[in-house]
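Here the structure is laid out as structure tokens; the discussion comes afterwards.
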Amino acid sequence: MRKIIVGSRRSGLALTQSKQFIKKLQAQFPEAEIEIKEIVTKGDRIVDVQLSKVGGKGLFVKEIEEALKNKEIDMAIHSLKDVPSVLPEGFVIACVPEREDMRDAFLSNNKVLFKDLPKDSIVGTSSLRRGAQLLSMRDDITVNWVRGNIDTRIKKMEAGEYDAILLAAAGLKRMGWSDNVVTEYFDPEEFIPAIAQGALGIEVREDDAELIEMLQTVHSVDDATCTTAERTFLKRMDGSCQVPIGGYATLEDGELYLTGLIMSEDGNERYVVKKSHQDPVKLGNLVADEMEKIGAKDIIDMINENNAGK
Ligand SMILES: NCc1[nH]cc(CCC(=O)O)c1CC(=O)O
462 MRKIIVGSRR SGLALTQSKQ FIKKLQAQFP EAEIEIKEIV TKGDRIVDVQ
512 LSKVGGKGLF VKEIEEALKN KEIDMAIHSL KDVPSVLPEG FVIACVPERE
562 DMRDAFLSNN KVLFKDLPKD SIVGTSSLRR GAQLLSMRDD ITVNWVRGNI
612 DTRIKKMEAG EYDAILLAAA GLKRMGWSDN VVTEYFDPEE FIPAIAQGAL
662 GIEVREDDAE LIEMLQTVHS VDDATCTTAE RTFLKRMDGS CQVPIGGYAT
712 LEDGELYLTG LIMSEDGNER YVVKKSHQDP VKLGNLVADE MEKIGAKDII
762 DMINENNAGK
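Numbers in the working numbering are just positions in the sequence shown, counted from 1, shifted up by 461.
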């Protein structure tokens with residue numbers, strides 16, 4: 462069997478989740494030789510500006526896809542929420558392994574609950590979606606942007622730069638830090654997660670039949686179905702990463718549901734649509750259709766027009 466070279470970002474979280482995934486794959490194929498190649502992406506290098514202002518889309522992915530194309534690597538392990546909804550020609554997400562916790566986690570100094578945060582508290586996030594939802598729940602707090610790897614963000618909070626921060630539960634759980642640092646988890650029905658949050662996407666060249674077959678052994682059909690519905694909705698709505706957008710799908714007693722969210726950046730406008738359909742692509746499109754019908758797409762078009770003028 463050939464040697465498999467796996468591309469991963471160099472951050473602590475990326476390497477940890479890559480190693481965890483490789484361990485799963487290795488258990489299925491004890492003979493396989495699997496090696497990690499670390500890749501520094503633009504998203505890792507630019508740490509001093511808000512990501513949505515430098516084009517957001519695909520910043521953590523592009524260099525890794527180039528390495529995949531050049532056959533420097535055979536497989537890329539991504540956080541699926543960082544992967545643009547349309548892949549470049551020649552690549553496929555061949556595997557979505559079992560999803561981690563999709564929720565957002567709230568972290569605060571002295572473990573003060575979100576509802577008990579004093580007026581004028583400063584909450585750090587780098588996500589438009591999190592910022593808009595925070596402001597719609599509490600218009601008496603300030604949302605400030607924070608960047609850096611998750612450990613950097615936690616340190617900044619502990620140093621007093623922020624009273625609280627929001628992070629994906631999945632990253633904290635994978636690192637084994639959640640029990641120590643999380644104050645509370647937000648209910649996805651009330652605080653809607655990012656599209657594909659908590660899921661990994663394993664990307665390969667579409668003609669690599671051998672790897673695609675191997676990856677089937679660690680693929681979660683249910684989680685792939687849910688993230689397909691979510692990513693179909695994302696693809697229809699935006700893709701530019703400059704819009705507060707969220708969504709999550711669930712399978713309940715065999716029924717597939719998708720909840721989609723579009724907001725204005727200030728949190729004042731909030732559109733939520735929930736629908737059910739057995740086909741994930743149809744479901745993503747149904748929720749998108751309804752969003753267009755109720756006017757949510759106008760927010761997106763306005764944000765995109767404003768950005769085009771800058
Ligand atoms: N945008 C950065 C990013 N990409 C994936 C995760 C966490 C893990 C995941 O959602 O799979 C994070 C950090 C965060 O949002 O806290």
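Beta carbons are placed, not taken as given, at the ideal position from N, Cα and C, and that holds for glycine.
| Check | Outcome |
| --- | --- |
| Whole-angstrom C-beta distance between E496 and M462, which should lie under 8 Å | Rounded, the Cβ-Cβ distance is 13 Å, inconsistent with contact. |
| Cβ-based neighbour list, F575, same chain, cut-off 6 Å, excluding 5 preceding and 5 following | F567 |
| Beta-carbon contacts of V734 that lie in its chain and below 6 Å, excluding the five residues immediately before and after | G721, V748, E751 and M752 |
| Pairwise C-alpha distance: D714 and M598 | 31 Å |
| L661 beta carbon less than 7 Å from that of P558 | yes |
| Backbone secondary structure at K503 - three-state DSSP | helix |
| Backbone secondary structure at V604 - three-state DSSP | strand |
| Rounded C-alpha distance that separates A629 from F490 | 31 Å |
| Near ligand 1: Q658 beta-carbon under 6 Å from a heavy atom | yes |
| Delimiting residues of the beta strand (DSSP E) encompassing E664 | L661 to R666 |
| Complete alpha helix (DSSP H) runs within the segment 590 to 655 (minimum length 4 residues, chain order) | 611 to 619, 630 to 636 and 639 to 642 |
| Whole-number beta carbon distance between R564 and Y646, since they are thought to touch under 8 Å | 5 Å |
| Exposure label - P579; buried when at least 16 CB within 10 Å | exposed |
| Whole runs of the beta strand (DSSP E) within the segment 706 to 744, excluding any shorter than 3 residues | 706 to 713, 716 to 724 and 731 to 737 |
| Per-residue burial, I706 [other beta carbons within 10 Å of its own, 16 or more giving buried] | buried |
| Counterpart residues of G551 in DSSP-defined beta bridges | According to DSSP, G551 bridges with nothing at all. |
| First through last residue of the beta strand (DSSP E) which encompasses A566 | D565 to S569 |
| For M536, the residue or residues it bridges with in DSSP | V467 |
| Contact the segment 528 to 537 vs the segment 466 to 476: 3+ CB pairs below 8 Å | yes |
| DSSP beta-bridge partners of C773 | Residue 773 lies beyond the residue range present for the chain, which begins at 462 and ends at 771; the question has no answer from this structure. |
| Separation of C556 from R666, as counted between CA atoms | 12 Å |
| Rounded straight-line distance, which links the Cα of Q594 to that of F652 | 7 Å |
| Own chain partners of K485 with C-beta closer than 8 Å, once the 5 adjacent residues on each side are dropped | P558 and V679 |
| Range covered by the beta strand (DSSP E) that runs through G473 | Per DSSP, G473 belongs to no beta strand (DSSP E); it is in the alpha helix (DSSP H), G473 to Q489. |
| For A475, the nearest candidate out of I525, H539, E524 and G519 (CA to CA) | H539 |
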